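The block underneath contains the structure these notes are about, expressed in structure tokens.
In the numbering used here, the protein residues as written are -7 to 533.
Put into structure tokens, the structure is as follows:
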């Protein structure tokens, strides 16, 4: 007979409306056997009591519904971001807060490289710098002969030096969307969205798939998640090939790998081909590797002015963004995938992109009714009450990028959208009131993975300067905690297995050093994560 272990805690927040709090949880064969007090499992036979967590608070393991496996792998490149960041090993990397610091920091990295090696950086975001926009002129100061490519924090843009432009043949004659030119007609070095970036990525060997699918990268991703208290995480634009699958199955199948990964296959092929690939992968799912969903890209990033927004557009008069997938292709992909019962996660930053996507889903639903699809709009940053209501009416989930309020809120007021639209950005209150099923996410590595920080953002809506941006859109702590547990599990169709601490579910918990329901809401982000329990196994930090 399998051993029954009863974990004691100072408090267990269950997310189960039938028993919201407890002090003990019994685990057998990686599943929750009973929840209650010290005697909760006595009727099942002999038990072993484990008091190692008795001074902690347990919650369901956090569910990160929008992140990318390159959150671990990107640290193979030079960090060039504005904010301080912690790498998978726990090392702090100070932010580079002006253009001189960026050039100096990247120059130091260049000195460590072989003469013919490219310099690749990531995490840079010009929206925080008050100087002129990063260009080939700045990167040429580091080297005019070594190819340099700096990937922006949103992963929708990059800046390259003259050597990299010459390598791919971008010059004054280039007439391609996303290759930005200056007043002299020459490329500035800024490249927007994948069509413009891909030639440089290919020539420099910037391969997100290759980076992410190595065993070391998968394990680094596990470290990132574990530090944040996450026990189920997505990889929301997977480019998994057959050889990658074997590695993923081997690594995730190891007993010491305490994380469940839910990849969504990137829609990089035609509708029928990507649907067939998703159906084939779905049959290979395991407990710790859940396959079969598909990710669609529509528009770009608001802070890069490449998101598709409705009138009146951007406050600076910038052009209205770039379609990564044109609307007619969005309609074709949505209809094919929906008709074959494949769940979709669809990137929508701008409200025009959200409206086009909802139109496509509505058209597919008219042809192929399916009440349990749970397609998910990802980011939902400019959706208002009307769009959230449409989503709710159609059973479409909304995974909201709450971290944007803190990291980019001040810049959205000043530079992209203006105060009125910035105050309703990432409107979790409107979404909940409209009846939509919501989750909250980090989009790591765009922003650091940390569900308690993400919940704090949705509760307090504070920007980097301490301003409350859109108080009417604040949600309460209970709603935010639900969104990073049961809400996110619902968007992944895993709510019958994870997201709450109740009998019959997976024994996946986060171990906290304080009670997130008892602290001041402004201190929610500071509640310590001490470790996780995955399938009944304790993993302390």
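Heads up, the beta-carbon is just placed ideally off N, CA and C, and yes, glycines get one too.
The model shown is predicted, which means the values in this text are computed figures rather than measured ones.
Span of the alpha helix (DSSP H), counted from its first residue to its last, around residue i
i, result
"residue 488", "Here residue 488 belongs to no alpha helix (DSSP H), and DSSP marks it neither H nor E."
"residue 185", "185 to 196"
"residue 60", "Run containing residue 60: none; DSSP gives neither H nor E here."
"residue 130", "128 to 134"
"residue 272", "263 to 274"
"residue 239", "234 to 244"
"residue 348", "343 to 359"
Residue i classed as buried or exposed, judged by whether at least 16 other C-beta atoms fall within 10 angstroms
i, result
"residue 235", "exposed"
"residue 395", "buried"
"residue 260", "exposed"
"residue 96", "exposed"
"residue 128", "buried"
"residue 453", "buried"
"residue 153", "buried"
"residue 233", "exposed"
"residue 84", "exposed"
"residue 276", "exposed"
"residue 210", "buried"
"residue 472", "buried"
"residue 35", "exposed"
"residue 434", "buried"
Cutoff 8 Å; reference residue i; Cβ partners in own chain excluding five residues on either side
i, result
"residue 214", "64, 249, 250, 251"
"residue 27", "4, 6, 8, 11, 14, 16, 17, 18, 493, 494, 495"
"residue 456", "398, 399, 401, 402"
"residue 111", "70, 98, 101, 102, 105, 134, 135, 138, 139, 140, 141"
"residue 117", "73, 74, 144, 145, 146, 295"
Simplified DSSP assignment, three categories, for residue i
i, result
"residue 209", "helix"
"residue 21", "coil"
"residue 96", "helix"
"residue 139", "coil"
"residue 200", "helix"
"residue 452", "helix"
"residue 417", "coil"
"residue 111", "strand"
"residue 11", "coil"
"residue 147", "coil"
"residue 3", "strand"
"residue 514", "helix"
"residue 42", "strand"
"residue 319", "helix"
"residue 28", "strand"
"residue 219", "helix"
"residue 369", "strand"
"residue 164", "coil"
"residue 397", "helix"
"residue 255", "strand"
"residue 307", "coil"
Cβ-based neighbour list, residue i, same chain, cut-off 6 Å, excluding 5 preceding and 5 following
i, result
"residue 352", "322, 323, 326"
"residue 91", "121, 123"
"residue 229", "258, 287"
"residue 254", "226, 282, 484"
"residue 192", "141, 152, 156, 160"
"residue 380", "422, 423, 426, 428"
"residue 263", "324, 325, 328"
"residue 149", "184, 296"
According to DSSP, residues forming a beta bridge with residue i
i, result
"residue 69", "Residue 69 is not bridged to any residue."
"residue 249", "Answer is none; residue 249 lacks a bridge partner."
"residue 382", "DSSP lists no partner for residue 382."
"residue 173", "179"
"residue 480", "Note: residue 480 sits in no beta bridge, so no partner."
"residue 498", "23"
Close Cβ partners of residue i (< 7 Å) along its chain, the five nearest in sequence each way excluded
i, result
"residue 310", "297"
"residue 316", "185, 186, 289, 290, 291, 292"
"residue 162", "171, 179"
"residue 114", "66, 69, 71, 72, 143"
"residue 89", "74"
"residue 529", "250"
Residue span of the beta strand (DSSP E) that contains residue i, given as start and end
i, result
"residue 523", "521 to 526"
"residue 404", "Unbroken run through residue 404: none, as it is neither H nor E."
"residue 391", "389 to 392"
"residue 529", "529 to 532"
"residue 224", "222 to 230"
"residue 159", "Not the beta strand (DSSP E): residue 159 falls in the alpha helix (DSSP H), residues 154 to 160."
"residue 339", "336 to 340"
"residue 431", "430 to 432"
"residue 49", "49 to 52"
"residue 472", "Residue 472 -> not in any beta strand (DSSP E); alpha helix (DSSP H) instead, spanning 469 to 474."
Heavy atom of the ligand GDP within 7 Å of residue i beta-carbon
i, result
"residue 335", "The ligand GDP is absent from the structure shown, which contains no ligand whatsoever."
Any chain B beta carbon closer than 8 Å to residue i
i, result
"residue 507", "Protein chains in the displayed structure number just one, and chain B is not present."
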